[in-house]
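Residue numbers (my numbering): 12 to 276. Think of the CB as a built atom: it goes at the ideal place given N, C-alpha and C, for glycine as much as any other residue. In what follows, a structure is listed as structure tokens, so that the remarks can point back to it.
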Ligand SMILES: O=C1O[C@H](COP(=O)(O)O)[C@@H](O)[C@H](O)[C@H]1O
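See below:
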């Protein structure tokens, strides 16, 4: 394998598909398998979903699967834009349209931000990583993952991540001070370079504690950043800092996105 990234960590599984439809089928296979295994082991499936292009690719085949115990899912968002839940920029709204409207996940198991907390209490500083929306969302994670116990970080069964053309993932952007966050589970970002500027995001330690992390990237617009991610480990892009400590890392790409990579046959 010639990919430099792979020299430095446990080998991720990298798959590239001719069509986005094929990618969606394979992604649904993985999600269905991990859901069944997690429910068998822990009686629930904790999953974090990203926004952007991911929900459509995720749902295309998954929403037709009959063999999923949807009532055992606990869904969070890897990042969320601080806008009303019915706003077209909301990652929840996008996931609802693509997936939640088509499968029987109990609504109380879909954990959304409370955007109303934002309008009443704006963070004082643009760069303050704690704000009421982030705090409330972190409390929701604590309820599900820790309960009365004290744990350092939650362990998701699966985090589904997108990747921006600048190498950002979740709402963790290149060079941003949030990349150094080592305590919070959920952080506020008030200066996202990609609009809308106000968001909350899972932090890197949370991502790296997950049992499984799957990146999904399609289209020629992602070619250059994927080349950089795989061939230049020194760039320290947020997506390159995703290295699950004890978990597995998957990449689901289409051939347009992976065309500059040399992938094993
Ligand atoms: O702003 C965001 O962008 C990323 C990447 O989106 P994509 O459309 O390039 O796939 C996404 O993963 C994140 O959840 C979203 O808030």
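### Message
Is residue 215 a contact residue of ligand 1, with contact defined as CB to any heavy atom under 7 Å?
### Response
Answer for residue 215: no, Cβ out of range of ligand 1.
**Request:** Within its chain, find whatever has a CB closer than 6 Å to the CB of residue 251; leave out the 5 residues flanking it on each side and keep chain order.
**Result:** 240
Checklist line | Terminal residues of the beta strand (DSSP E) in which residue 60 lies | finding: 56 to 60
Legend entry - the region 82 to 93 touching the region 199 to 209, judged by at least three CB pairs closer than 8 Å: yes
Could you spell out where the beta strand (DSSP E) holding residue 93 opens and where it closes? Residue 93 -> no beta strand (DSSP E), and no H or E assigned at all.
- Within the region 208 to 239, ranges of the alpha helix (DSSP H) (whole runs, at least 4 residues): 215 to 219
task: Could you have a look at residue 145 and say whether DSSP puts it in helix, strand or coil?
output: helix
Note to self: As a quick exercise: from 216, 104, 264, pick the residue whose alpha carbon is nearest that of residue 254.
What the structure shows: 216
N- and C-terminal bounds of the beta strand (DSSP E) containing residue 197:
Residue 197 -> beta strand (DSSP E) spans 197 to 200.
- Query: Cβ of residue 202 versus every heavy atom of ligand 1: is any distance shorter than 7 Å?
  - Reply: no
**Request:** Please find out if some non-hydrogen atom of ligand 1 comes closer than 7 Å to the beta-carbon of residue 180.
**Result:** yes
Residue 68: which of 79, 271, 32 sits nearest, CA to CA? Residue 68 has its Cα closest to that of 32, out of 79, 271, 32.
Notebook entry, point to check: Relative to the alpha-carbon of residue 149, which residue among 120, 195, 82, 45 has its alpha-carbon at the smallest distance?
Noted result: Ranking 120, 195, 82, 45 by Cα distance to residue 149 puts 195 first.
Taking only heavy atoms of ligand 1 into account, decide whether any of them is closer than 7 Å to the Cβ of residue 174. yes
Does residue 256 pass the burial test, meaning 16 or more other C-beta atoms within 10 Å, or should it be called exposed? exposed
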